[in-house]
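Trainee: Residue numbers (the numbering used here): 1148 to 1237.
Glycine included, C-beta positions come from ideal geometry on N, C-alpha and C.
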Amino acid sequence: MFRMWGKIWKSNHLLKDTVICQTDYNMSRTQMVFDSLDKICYELDLSKPIWLNSNITDFQRHDKTRFSQDSFIEQIEFDYLEIQVIEEIE
1148 MFRMWGKIWK
1158 SNHLLKDTVI
1168 CQTDYNMSRT
1178 QMVFDSLDKI
1188 CYELDLSKPI
1198 WLNSNITDFQ
1208 RHDKTRFSQD
1218 SFIEQIEFDY
1228 LEIQVIEEIE
């Protein structure tokens, strides 16, 4: 099972969160990450963020990254969206 946790933060307070589970191992890990991010954004009613180089580097190193205002086209009402892989078992 592949699980990703999405969290919305403002002023160091967790406003909303959701966990997405992927069980389709016909997808690559990268496809699971992007699909999970799409589902997190849908559940939290957000536009999809743009992956900046800093996001890619953080995610490759720590399986976790934060999307701030720079990653969104529209104005956001929170400080950042954080995604994190919390389980990865085949």
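1. Could you compute how far the alpha carbon of T1212 sits from the alpha carbon of E1237?
2. If L1191 sits next to K1163, beta carbons under 8 Å apart, how far is it from one beta carbon to the other, in whole angstroms?
3. Taking the beta carbon of Q1169 as the centre, do at least 16 other beta carbons fall within 10 Å, making it buried, or is it exposed?
4. With DSSP as the reference, please indicate the residues paired to M1151 in a beta bridge.
5. Could you tell me which residues DSSP pairs with R1213 in its beta bridges?
Mentor: The structure says:
1. 23 Å
2. 6 Å
3. buried
4. I1167, V1232
5. E1229
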